[in-house]
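Using this note's numbering, the first residue of the sequence shown is number -13, and each one after it goes up by one.
Ideal Cβ placement from N, Cα and C applies to all residues, glycine included.
Working notes, beginning with the structure itself.
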Amino acid sequence: MNTGDHIPMDRLVHRVRIDHPQLYRAWFEDLGGAEIAGGELLIPVTDATRAAYLREHCTTAFSEAASIISARLLPVRFVNADRTPLPPAAETVLSRLRLNPDYTFDQFVVGPSNRLAHAACRAICAQPGTLYNPLFIHGRSGLGKSHLLQATCDALLRAAPGTDVIYMSCDAFINDLVRALESGTLQRFRDETRHAGVLVLDDVQFLANRESPQEELFHTFNALYNDRRQIILSADAPPSDIPKLEDRLVSRFNWGVVGQVDPPDRETRHAILLKKARLRGVELPDDVVDIIAERCDANIRLLEGALSRLIFESQAAGRPITVDVAREMVATMGGPIRRAVQINDILEAVAAQFSVRLSELVGRRRTKSVVLPRQVGMYLARKLTSMSLEEIGAHFGGRDHATVLYAEKSVADVVKKTPALAESVAALTRRLER
């Protein structure tokens, strides 16, 4: 092969680092001199694993840099250092999950229950690895955490296609670690996880009581954080409430922003149903939306499942979607339909249970005798209604969402230590759910 002009590798790498800082620079170390031949720039690489990474994530960046330096269009090809064909790269250690094409920001419905988490994810897309690092999102199953995480990955990749984004479940992380240990490929596993541009780990509560995976994630976290790489985590509980999670991980998970995703309020449930139905080309009557939203207030997954079933049954029977059809479908959904617990029911029941006046319960005064009953009321509102934090606070003297969260945690803690209060709360719950 006739050798053409050379481009100094240090100039080329410097240009790439300026224009594409999200690419991990360790992969550029020890690259040989780049040569121009046959109208393209050939960059020698010493091993197939590195070549696979460079081909997948860096070809465009190096081509742009080479074109700027040489003042002409110059495509790049990574080749073996001795110019022989590169062998196929070994299959990646990581079983990265494919993103759900429906999980984008365009299809995410924002409401009071998820506004903070959504805003943090949007901010990360604009400046990954800076203000909100790490981001920890928690909430019960089926509330849209995975949707938010995958939407963030999608937006990051659309904005910067060369970004090395890893999205995986905690189970996948653990399984890949075990396979790496068994196959002697631990270093390759670490090269990928610790050198990612963005690491997104879903359902980290499954780390509980797993010593080796916690140790590995601890060092992975440190490597990424110290290199200003974005880390996004999700779980079904805040870091401090995940059982048997090492203190050093709890501490690190709390370094950035911890955002909670709550069950959607009635208005948000309406918006979700309308949006999902329109995406399927279906227009739902408002009365039908009311019926489904009232019945399915626990989580978004249940809401979407009910909508899918309604559309399927309507189409299968050749019937339009009417109030009667919706009622028939809802009546067959796993168990009787409970009367929704109302906030006024909670206020009245708590006032009677603790012998305080209703006006005191919803007032602004912090009299000692009313503080605990008020906190119990907020706790029950969180457990038995789908109201947002702001809505609950408004019914208890205009208190903010932080006060409601504090009340919920305080009562949960006291109930564990005080049998008498535990029985009072249980009795109130039974009475309200009847």
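Same chain, Cβ closer than 6 Å to residue i, neighbours up to 5 away in sequence not counted
{"i": "Lys230", "result": "Ala194, Asn195"}
{"i": "Glu197", "result": "none"}
{"i": "His381", "result": "Ile329"}
{"i": "Arg214", "result": "Gly115"}
{"i": "Arg238", "result": "Phe207"}
{"i": "Gly170", "result": "none"}
{"i": "Arg368", "result": "Glu394"}
Reference residue i; option with closest CA among the options
{"i": "Leu102", "options": "Asp248, Ala279, Val268", "result": "Asp248"}
{"i": "Lys395", "options": "Arg281, Val274, Glu377, Gln361", "result": "Gln361"}
{"i": "Met364", "options": "Thr353, Ser341, Ala335", "result": "Ala335"}
{"i": "Ile118", "options": "Ala106, Arg63, Arg351", "result": "It is Tyr, not Ile, that sits at residue 118 in the sequence shown. The option with the nearest alpha carbon to Tyr118 is Ala106."}
{"i": "Leu219", "options": "Arg255, Ile123, Lys354, Ser410", "result": "Ile123"}
{"i": "Leu414", "options": "Leu270, Phe340, His387, Arg350", "result": "Phe340"}
{"i": "Asp273", "options": "Ile307, Asp399, Val243", "result": "Ile307"}
{"i": "Leu446", "options": "Arg417, Arg368, Arg352, His133", "result": "No information on residue 446 is available, as it lies outside the stretch -13 to 420 that the chain covers here."}
{"i": "Tyr89", "options": "Arg264, Gly130, Arg108, Gln113", "result": "Gly130"}
{"i": "Asn66", "options": "Ala303, Leu203, Leu17", "result": "Leu17"}
{"i": "Glu253", "options": "Arg176, Ile278, Arg(-3), Leu167", "result": "Ile278"}
{"i": "Tyr153", "options": "His205, Val342, Val244, Leu135", "result": "Leu135"}
{"i": "Thr45", "options": "Pro87, Leu85, Val2", "result": "Val2"}
{"i": "Gln301", "options": "Val268, Phe175, Gln113", "result": "Val268"}
Spatial neighbours of residue i in its chain, beta-carbon cut-off 7 Å, leaving aside the 5 residues before and after
{"i": "Thr149", "result": "Gln8, Leu142, Leu143, Gly183, Val184"}
{"i": "Ala209", "result": "Arg180"}
{"i": "Val463", "result": "In the structure as shown, the chain starts at -13 and stops at 420, and residue 463 therefore has no counterpart that could be examined."}
{"i": "Ile217", "result": "Asn119, Pro120, Leu185, Phe207, Leu210, Tyr211"}
{"i": "Lys262", "result": "Glu290, Leu293"}
{"i": "Gln173", "result": "none"}
{"i": "Ser226", "result": "Val236"}
{"i": "Leu270", "result": "Leu259, Leu260, Ala263, Ile307"}
Whether residue i touches residue j by CB criterion (8 Å)
{"i": "Val390", "j": "Leu370", "result": "no"}
{"i": "Glu42", "j": "Asp5", "result": "no"}
{"i": "Ser127", "j": "Asn285", "result": "yes"}
{"i": "Asp157", "j": "Gln191", "result": "no"}
{"i": "Pro224", "j": "Phe159", "result": "no"}
{"i": "Val95", "j": "Ile228", "result": "no"}
{"i": "Val356", "j": "Leu347", "result": "yes"}
{"i": "Thr366", "j": "Ile332", "result": "Checking the sequence, you will find Leu at residue 366 rather than Thr. Contact flag set, yes."}
{"i": "Glu0", "j": "Gly19", "result": "Residue 0 is actually His in this sequence, not Glu. Their beta carbons are not under 8 Å apart, which means His0 does not touch Gly19 by this criterion."}
{"i": "Leu60", "j": "Ala52", "result": "yes"}
{"i": "Gly383", "j": "Arg350", "result": "yes"}
{"i": "Val327", "j": "Leu418", "result": "yes"}
{"i": "Gln246", "j": "Gly379", "result": "no"}
{"i": "Arg281", "j": "Met319", "result": "yes"}
Helix, strand or coil at residue i [DSSP, three-state]
{"i": "Met(-5)", "result": "helix"}
{"i": "Phe382", "result": "coil"}
{"i": "Ile307", "result": "coil"}
{"i": "Ile218", "result": "strand"}
{"i": "Asn86", "result": "coil"}
{"i": "Met364", "result": "helix"}
{"i": "Asp188", "result": "strand"}
{"i": "Leu28", "result": "strand"}
{"i": "Ser374", "result": "coil"}
{"i": "Val327", "result": "coil"}
{"i": "Glu77", "result": "Interpretation of Glu77 is limited by its pLDDT of 38, a score under 50 that renders its predicted location unreliable; the figure taken from the coordinates is listed afterwards. If DSSP states are grouped into helix, strand and coil, Glu77 belongs with coil."}
{"i": "His0", "result": "helix"}
{"i": "Val342", "result": "coil"}
{"i": "Arg352", "result": "coil"}
{"i": "His124", "result": "strand"}
{"i": "Arg63", "result": "strand"}
{"i": "Ala223", "result": "coil"}
{"i": "Ala337", "result": "helix"}
{"i": "Ala23", "result": "strand"}
{"i": "Asp213", "result": "coil"}
{"i": "Met319", "result": "coil"}
{"i": "Leu6", "result": "Note that residue 6 is His in the sequence shown here, rather than Leu. If DSSP states are grouped into helix, strand and coil, His6 belongs with coil."}
{"i": "Leu407", "result": "helix"}
{"i": "Ala57", "result": "coil"}
{"i": "Leu418", "result": "helix"}
Contact set for residue i: own chain, Cβ-Cβ below 8 Å, skip 5 residues either direction
{"i": "Cys111", "result": "Thr138, Ala141, Leu142, Ala145"}
{"i": "Met315", "result": "Ala292, Arg295, Leu296, Glu299"}
{"i": "Asp251", "result": "Gly97, Pro98, Ser99, Ser372, Met373, Ser374, Glu377"}
{"i": "Val275", "result": "His256, Leu259, Leu260"}
{"i": "Arg266", "result": "Ile297"}
{"i": "Leu85", "result": "Gln136, Cys139, Asp140, Tyr153"}
Cβ of residue i within 8 Å of any chain C Cβ
{"i": "Asp310", "result": "Looking for chain C here will not work: only one protein chain is present."}
heavy atom of the ligand ZN below 7 Å from residue i C-beta
{"i": "Val244", "result": "The model on display carries no ligand, and the ligand ZN is accordingly not part of it."}
Continuous alpha helix (DSSP H) assignments of at least 4 residues falling wholly in the region 90 to 120
Listed in chain order, they are 101 to 112.
Mind pulling the beta strand (DSSP E) runs of 3 or more residues that sit fully within the region 228 to 290?
Whole beta strand (DSSP E) segments, 3+ residues: 243 to 246.
Length at least 3, wholly inside the region 146 to 195: the beta strand (DSSP E) runs in chain order
Runs found: 151 to 155, 184 to 188.
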